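> Going by the working numbering, the letters in the sequence shown line up with residues 464 to 553, in that order. Here a beta-carbon is modelled for each residue, glycine too, at the ideal position from N, C-alpha and C. Keep in mind it's a predicted model, so treat the numbers as computed, not measured.
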Amino acid sequence: MTQTDADAKPEKGPQRRTGPVTFTKQVVGELRKVRWPTRRELLTYTVVVIIFVVIMVGYVSLLDFGFGEAVTWLYSTLGGGATGGEAPIF
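#1: Is DSSP giving residue 499 helix, strand or coil here?
#2: I need the straight-line Cα distance from residue 498 to residue 504, nearest angstrom please.
#3: According to DSSP, simplified to helix, strand and coil, what is residue 475?
Given below as structure tokens:
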């Protein structure tokens, strides 16, 4: 099978960079298309994020405490060795 001109994909050349003025105009144009949240939506989203962060901080803190206690127990149980269970002084 041969490829016809209609099937051939046009080769893309290097794209030209836009200037700062064109870039700024494009950014402003895109920002005008944005649907901004209402004050009530913004408040709701903010509260949800704060609650989620507080829950995650609590979860990670509990994990940290639990692993810390486990390591302390492990060292006190298995790490006694020749020092009689006392921590070495450095």
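This is what the structure gives:
#1: coil
#2: 12 Å
#3: coil
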